[in-house]
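Protein chains in written order, with the working numbering: chain H, 1 to 657; chain A, 1 to 657.
Don't be surprised by glycine CBs; every beta carbon is placed ideally from N, CA and C.
Just below is one structure, and these are the notes that go with it.
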């Protein structure tokens, strides 16, 4: 095994990495399409890419035909026909009935629609079957070629039907068939081998032990390959063993056009990818200045016959892996099939909060996007490279380029959308406090044709977002200690000039989330100053944090005596997760979050969680399904089945300001 | 067989047709999804639609892990460490090396990155393997939980991963797997039986005889069904025979959720669809006020077990068939799989020419779309329901609603785009004269990442379009009889205030396209006044028409003595097709069109066909590939291989005005 001393991870800009890859592809004859095959014309070829232009072999239609149901005749025969001086023609000799599409007899040059003739029998009586009369009487002339579908109307032989590099759609099939083709020359589908490596990995469906991870990157990468027109082959999980990885890479090289070697691409003790590639080929790039995703390897491996084929060392973090697919695999498959790389729709949006970014890297920030009034807004999602749900939730990507250290809230940024722009019109953009019922709401709104996108910034943050016109609604639970009421004082204070409505949503309990069985016997906030008790807090501006600080004041508890007070999480579930993992002994939150993770709960307070809307949205079509749900018995039943929820005020208009 | 007297075709508005269908679906328990199945998690399920919300079963990661390669330790142990007062820790007891992703020991609460420690051996010398030193020296403190990826960072058990009705993308697979699922509940794929009927139909690959048509609608419909998430089954071609059709419909009903009975939906002599449906079910709608597409039938047929299932009588014209798919099949499959119906991107565009429309119908006008400067333009394509190439070429559909009789040129219309809006940015919008080399140019531009969209309105029409800023370029061959030069006078006359460049494109022959063997011995324009000679003309404003009229003047030929002078076609190929079909004996045109259809050609004139661009586009990135091609030896060789073409002036700047 080569020494690890050869392996350096040195980030280079994405463009330079692509340049090196392109040069290598040129050198090894892999810069163009990977050959073609002739496939039989069938509905299965939708999505394939033409490898040659499709020129019409025949004309279509290849004869003149009736464009309407009617009688074919010579235009000259009815020349001069008028309402007052009709012309009569014998059927069979001078006129022939045709259904739409029937070929025109060679002697005829016009079709007169059946509804414009009098169909008569021998005795001048109306014919029994208007399609088989003895004669017809016509009271208007027609220019030649009227109501005839001429030969070649659709397709004239030799015309271009489809260019090279065209991705086949259903309608194309009709034109290809009609122009005389029975098969189509399409680009070969690139074969992509996906090799998951890592001793910590276990297959989907395994009972996951501590230190193990479900192997799911190969699934994501395989799905991407299919979507982009390749054929994936997922290899079984490979242990972190240099020789075994090498052997599998060499086996894959014989049957693939591209190898994706997942994880082991960094420079840790068990990161064998770069060494494996060096030992059977060549490392071109190790590290790109893109986050998440930087420990990418680009290399070549040699087949037995001497041909080199490209290999990508794909980072192990799921977001990095998926973004590596987008950055490298998609353009590579586009090039190899001869189509244009996909070009995401881009739009300008206003970023809703400040983001810092490493100056040396292109930073791929995942954002949710909503349209509030006329403004398009982008709210940044979790940054971690491990947070695959940030990609699932993302409506788009904002790239903060190298050389910038971040953006301030309110800055205009460019967003690459990964959903149809039209979906923004049915998106409810909620910024504010987090509550478990919002997930349930999202699910029910989804069935009703609305998308609920929520950014969790706490109750105060939500009111600020409404003031800045950056949200459609805000969930809010802000206690006014002087009155004991919720939300009213805060709205008056933070939204003094806005017309808003406050609707009741849920009443809910707040209390301490503690480990199962409450082993440390925590009974209330006073226990937080005890030695050996670690707390996990919510972020500033969260209603729960305000409640905590208020109760600390009441009880005379000083924050500096509470271990963990400075550990901040953004959601109730994140607080519960901190307790479940033993990182903290307790945190203030809601019982649903404790129940979700099998934890115990010490109820302390009852509070009101409400929804605030600007008046301008309250009566819109966009909001209608939300109002329907607030009155929907099934939905209310599901909410009240969650622990600690009271729905008695749901849907009540508390105040309009 | 029931009498045809029962069958009436009576167009009703689309909304009313949908309403009747919806009521029938409700009545027969078919208004919702068609059941679900649990499918194993794999890359093959991309595109399936969730039939239940996906809630997380487990958290991910389910343990704390190192977020970087480094040493796990207690934050308290390095409290106070500074560059000048380092802290040393024994590896094994107080510090443990971890690769990224390794689980954190229970006693540790921080990871210090490997690059931030001094790894030393017993003798205080740098350790041989920095991952296995005897001790480490640390010169900076870290807050607890630094560089740790906490449990539940990505997914907390019970959170909503995906709602019902979500179409699975590759990244979703990762989140579904990571949240503990091994399978997914998805909506059943609706089964759609497609029954092509018609005695005139022949299978793809048949030698097509007069009166026969290649059956290709079933292919288009099957491709649509796949694209929209159903499973198509194409039946063999069925002859126009009531009993046979009935039997096949009944067989299809037993195994399908929807039947598409293609053609026979009108009220002609052999249109059996409505009668077949009546005899084994019920006709709900016969005729919708949509063009093309109006003779649609909506009905129900009864299975042996009594269950009714929907059937659509789909019109036979290919455009009508494809549009019927979009109007009825897509929304129906959306509903049955629980996803939202697809919502095309819409934009406003300016229509480039006047269009008349039947007032009683919603008129689905196919348009090509281009962006010229800041303006988005829509040029209408051929109207015929038989012209499938109009759907292939279409960038979108403009619906001229019932109650309007058309739109004037320059009117703003709403276009439903069927390609990505971003593609408009790489579209060259050519309006003007038609030449066969434009097809070749389109093919070569396509490989170079440009789309050439051309609307054939004749040379004068092209100059008018440039004046109106409705085109990027115009092909032009306008003779100035007084000087014998081409194009210069016309540009000066029609574009007096525009800055344009005129580039040489091709020299080409014009002459008479005649039948193979020239059976009528046509030698020149003087023959056109002979008895028994029928001519086919080009439209007014076409350069070829201007040339003809000019030569008629020279030769003293009066148009009224030319039979067929009033028959106008818009392209050279259409003129050739008219001759090939025997509709005309000759037409003025170019030799390439004659050759395409195996016709003879009588050369008469040599003319210059040039390209005109507004100056503002000439140096843009958009045009660069066009200029490259004008210098490209391979491209020029292909052009000069076409009959009658001279490329000596291609790419020459003739004048800048």
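Closest to residue i by C-alpha separation, out of the options, would be which residue?
i	options	result
residue 475 (chain H)	H:612, H:411 and H:528	H:612
residue 38 (chain H)	H:102, H:30 and H:187	H:187
residue 355 (chain A)	A:379, A:369 and A:337	A:379
residue 68 (chain H)	A:242, A:45 and A:266	A:266
residue 51 (chain A)	A:622, A:335 and A:138	A:335
residue 314 (chain H)	H:308, H:33, H:323 and H:306	H:323
residue 405 (chain A)	A:295, A:291 and A:432	A:291
residue 306 (chain A)	A:57, A:409, A:463 and A:29	A:29
residue 296 (chain A)	A:400, A:270 and A:9	A:9
residue 563 (chain H)	A:143, A:194 and A:105	A:143
residue 101 (chain H)	A:601, A:263 and A:494	A:263
residue 56 (chain H)	H:643, H:157, H:275 and H:326	H:157
residue 482 (chain A)	A:182, A:554 and A:11	A:554
residue 116 (chain H)	H:153, H:78 and H:104	H:78
residue 416 (chain A)	A:377, A:233, A:432 and A:388	A:377
residue 425 (chain H)	H:472, H:399, H:278 and H:438	H:472
residue 671 (chain H)	H:509, H:535 and H:506	Limits of chain H in this structure are 1 at one end and 657 at the other, which puts residue 671 (chain H) out of reach.
Where do the N-terminal and C-terminal ends of the beta strand (DSSP E) with residue i fall, by residue?
i	result
residue 143 (chain H)	Where residue 143 (chain H) is concerned, there is no enclosing beta strand (DSSP E), given that its DSSP letter is neither H nor E.
residue 588 (chain A)	586–589
residue 208 (chain H)	It is not in any beta strand (DSSP E) - residue 208 (chain H) carries neither H nor E in the DSSP assignment.
residue 97 (chain H)	96–98
residue 538 (chain H)	535–538
residue 37 (chain A)	36–40
residue 218 (chain A)	No beta strand (DSSP E) contains residue 218 (chain A), which is instead part of the alpha helix (DSSP H) from 217–227.
Per DSSP, what are the beta-bridge partners of residue i in this structure?
i	result
residue 412 (chain A)	A:350
residue 193 (chain A)	A:233 and A:259
residue 656 (chain A)	A:501
residue 510 (chain H)	H:605
residue 162 (chain A)	A:54
residue 291 (chain A)	A:363
residue 115 (chain A)	Answer is none; residue 115 (chain A) lacks a bridge partner.
Please report the Cβ distance between residue i and residue j, rounded to the nearest whole angstrom; I am assuming they are in contact, meaning their Cβ atoms lie under 8 Å.
i	j	result
residue 490 (chain H)	residue 478 (chain H)	4 Å
residue 320 (chain A)	residue 394 (chain A)	Wrong, their Cβ atoms sit about 14 Å apart, outside the cutoff.
residue 178 (chain H)	residue 214 (chain A)	6 Å
residue 371 (chain H)	residue 411 (chain H)	That pair is no contact at about 18 Å.
residue 607 (chain H)	residue 232 (chain A)	About 55 Å; that fails the 8 Å criterion.
residue 600 (chain H)	residue 594 (chain H)	7 Å
residue 529 (chain H)	residue 455 (chain H)	Wrong, their Cβ atoms sit about 33 Å apart, outside the cutoff.
Assuming residue i is part of the alpha helix (DSSP H), what are its boundary residues?
i	result
residue 248 (chain H)	242–253
residue 463 (chain A)	459–467
residue 630 (chain H)	624–630
residue 26 (chain H)	14–27
residue 275 (chain A)	273–280
residue 617 (chain A)	615–618
residue 638 (chain A)	633–640
residue 170 (chain H)	170–178
### Task
May I ask you to list, following chain order, the residues of the region 367–396 of chain A that have a beta carbon less than 7 Å from some beta carbon of chain H?
384, 386, 387, 388, 389, 391 and 392
### Query
When you check each C-beta in the region 513–538 of chain A against every C-beta of chain H, which residues fall closer than 8 Å?
none
### Query
Which residues, taken in chain order from the region 305–322 of chain A, show a beta carbon closer than 7 Å to some beta carbon of chain H?
316, 318 and 322
### Query
What are the residues of the region 415–426 of chain H that lie near chain A, defined by any Cβ-Cβ distance shorter than 7 Å?
420, 421 and 422
#### Entry: Against chain H: residues of the region 150–170 of chain A by CB proximity under 9 Å
150, 151, 152, 153, 154, 155, 156, 157, 158, 159, 160, 161, 162, 163, 164, 165, 166, 168, 169 and 170
### Message
Can you pull out the residues from the region 169–191 of chain A whose beta carbon lies closer than 7 Å to at least one beta carbon of chain H?
### Response
170, 171, 172, 173, 174, 175, 177, 178 and 182
### Query
For the region 589–602 of chain A, which residues have a CB atom closer than 9 Å to at least one CB atom of chain H, in sequence order?
592, 593, 595, 596, 597 and 598
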